[in-house]
Amino acid sequence: MTDFVIVIWYNKKWKNALLTKGEKIMANFKENLGRYMDAGFPIIYIDTFEEEKVDGIIRDVVGGRGIIEWTTIGFRDFKSKIIESDWSLLDTLKYLIQDPKSCSRRVLVLKDAVKALSEDSEVISLIKRLAINITSGVEDFEDFNIIIVSNVVVIPEELEKYMTILSMDYLTQDEIKDVVNSFCDEMELESLRPQFLDELSLAFKGLSELEINNILALAVFEGGNINAGDLRLITEQKKQVIRKSGILEMISDNVRDNIKNIGGLESLKKWLERKSKVYKNINEAEKFGVDMPKGVLIAGMPGCGKSLSAKATAMLFGVPLLRMDMGRLMGKYVGESEANMRKAIKLAEAISPCVLWIDEMEKAFAGIGGNGGASDVTTRLFGTFLTWLQEKESMAFVVATANDISNLPPELMRKGRFDEIFFVNLPNDKERKNIFEIHVKRRREQDLKNIDITQLVNKTTGYSGADIEGVVKTAIEEVFSDGRKSLSTNDILKAIRETHSLSEIMKDSIDKINKFYKQYKFKNASEE
Ligand code: ATP
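Residue numbering for the sequence shown follows our numbering, starting at 202 and increasing by one per position.
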């Protein structure tokens, strides 16, 4: 509710605070749209959440030409939004084809057309007819364009060569600084210290000008000015905006994700620490001849610290963590998955410096190129990702995690894609000792000195880190419910006896994974 009030309050009172660099992006967008229309591009696909903003742009760009707008509720007046008829998209297209004069010096704006584009072959075929009429200069179609507006990009194969996608760029950090400065001027606030402005603009990366202005207005509304305390507000708001985009999730910092809380995996931790030195001093490093860190693939046994390592990387690098959920990326419409992937990459690059964590990578890419029968969608999605990874120059550092990579396409494993591929095995004796210490210390530091960790280590061969954490938690809970004062070795031993380890439960698949990793000689995440 507060947000809503603030948006209205802000928009009314400080409408003029819309700012130069943001306007530049709008101007670029407008210019491109105008150019595409003048050049006779038949179908322009505007990929946006901001329908209203785009309406304004279309109105400016079309000049003296008329606009026909179709939405699911029918045909309506573009300006007043009053419904003029309840025709379906099919009827509308048929009418336009039968009566070319109604296309003359007009623009057809389609909204809510995603479903039809995805599954209605008649609609697709009629749009294609219109597109051919435009490209071949048929009378009355020389000045006609189709504009599709949607936040989901669906490109039917039949229309691929007639479509051009247009999306709005994100603001750069300097442009965000301009937005913030102009806001402060407009609101007659004191100008911000350069260092604080740096932090603030970094935190705003990935948000639109409108979103930035709304958050600033909210900060001023709540505290009277903009100060360091607002960084938290920005992060919270930004998380919501990113979640709404549906393809990435911004994960909150948690002190537990410190690299010191990973037991074992010494070789991986050292490697990450070395990369963090490069990452944090990238200008000097590049001058010295060091390449920009690209990313790492961490694969291996479940519950052994892969996700923990992804989170710890972000904390070590001192940047936000964005999680890409491959399951959510896979859209139901043709072309949607690839469009989602491109969007996710674009957003991650806009937010960068950041760590982009691609979780459960095998779920998306397994079976490509092999006999597994991966779909065309997956293969194309993989191609988009691989090209990006190969050519990536931004500070979006990729941490991909996977349990089983034996079915992933070999191209992914080639040098030059990831900086390194690590294999995480079940923890060895020394690592299990570390993991026990971490988990007992986290919950019962006072009891640690009385626990005989060696005994626990001897009884837990084949246990994963998650198994060990589970055993410690169970033992502590039991001590508490018995009303006892302290945790003992025997309590944990009892919990161990009652637990089935990962290697017991998944014996066959663990043997298979182990064999694969040995054969390919990936770097061991543990110190050998
Ligand atoms: P999955 O593939 O099933 O997602 P994962 O390898 O990503 O597993 P994590 O999520 O990192 O496993 O680990 C699960 C939990 O187990 C962690 O939250 C952590 O508490 C504990 N854990 C696992 N490995 C370690 C470790 N090496 N050091 C400390 N804790 C660990």
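Virtual Cβ for every residue (Gly too), placed ideally from N, Cα, C.
Identity of the residues DSSP links to residue i by a beta bridge
{"i": "ASP278", "result": "ILE269"}
{"i": "PHE723", "result": "None, per the DSSP bridge assignment."}
{"i": "ILE416", "result": "According to DSSP, which records beta bridges pairwise, ILE416 is partnered with nothing at all."}
{"i": "LEU523", "result": "MET451, LEU557"}
{"i": "GLY496", "result": "VAL599"}
{"i": "ILE247", "result": "VAL350, LEU367"}
Cutoff 6 Å; reference residue i; Cβ partners in own chain excluding five residues on either side
{"i": "ILE413", "result": "VAL380, PHE405"}
{"i": "ASP321", "result": "none"}
{"i": "LEU393", "result": "none"}
{"i": "ALA696", "result": "VAL672, THR675, ALA676"}
{"i": "THR700", "result": "VAL672"}
{"i": "TYR363", "result": "PRO243, ILE244, ALA332"}
{"i": "ILE460", "result": "LYS470, ALA513, LEU517"}
{"i": "GLY275", "result": "ILE284, SER286, ASP287, TRP288"}
{"i": "MET562", "result": "ALA601, ALA603"}
Closer than 7 Å: residue i CB and nearest ligand 1 heavy atom
{"i": "SER702", "result": "no"}
{"i": "THR602", "result": "yes"}
{"i": "ASN462", "result": "yes"}
{"i": "GLU670", "result": "yes"}
{"i": "LEU466", "result": "yes"}
{"i": "GLY666", "result": "yes"}
{"i": "CYS304", "result": "no"}
{"i": "SER607", "result": "no"}
{"i": "SER727", "result": "no"}
{"i": "LEU509", "result": "yes"}
{"i": "PRO628", "result": "yes"}
{"i": "GLY663", "result": "no"}
Proximity below 8 Å, CB of residue i to CB of residue j
{"i": "ALA726", "j": "LEU498", "result": "no"}
{"i": "ALA597", "j": "CYS555", "result": "yes"}
{"i": "VAL672", "j": "ASP630", "result": "no"}
{"i": "ILE559", "j": "PHE723", "result": "no"}
{"i": "LYS312", "j": "VAL350", "result": "yes"}
{"i": "ILE145", "j": "ILE706", "result": "Lying before the first or after the last residue shown, residue 145 is absent from the chain, which here runs from 202 to 729."}
{"i": "VAL308", "j": "ARG266", "result": "yes"}
{"i": "MET238", "j": "ASN334", "result": "no"}
{"i": "ILE366", "j": "ARG330", "result": "no"}
{"i": "GLU632", "j": "GLY465", "result": "yes"}
{"i": "ASP431", "j": "ALA418", "result": "no"}
{"i": "SER402", "j": "GLN374", "result": "yes"}
{"i": "GLU728", "j": "GLU474", "result": "no"}
Close beta carbons around residue i, own chain, < 7 Å, minus the five adjacent residues each side
{"i": "PHE250", "result": "ASN352"}
{"i": "PRO521", "result": "MET451, ALA515, ILE552, CYS555"}
{"i": "ARG529", "result": "GLY447, ILE448"}
{"i": "ASP278", "result": "GLU285"}
Near ligand 2: residue i beta-carbon under 7 Å from a heavy atom
{"i": "ILE427", "result": "The model depicted lacks ligand 2 and carries ligand 1 instead."}
Residues near residue i by beta carbon distance below 8 Å, same chain, minus five either side
{"i": "MET502", "result": "ASN604, VAL625, ASN626, LEU627, SER665, LEU703, ILE711, ILE714"}
{"i": "LEU587", "result": "GLU612, LEU613, ARG618"}
{"i": "GLN720", "result": "none"}
{"i": "ASP341", "result": "PRO301, LYS302, CYS304, SER305"}
For a minimum of 3 consecutive residues, which ranges assigned as the beta strand (DSSP E) are wholly contained in the stretch 535–567?
For the stretch 535–567, whole beta strand (DSSP E) runs of length 3 or above, ordered along the chain, are 555–560.
Complete beta strand (DSSP E) runs within the stretch 294–378 (minimum length 3 residues, chain order)
307–312, 346–351, 364–368
Enumerate, from N- to C-terminal direction, the unbroken alpha helix (DSSP H) stretches of 4 or more residues contained entirely within the stretch 574–658.
577–592, 630–645
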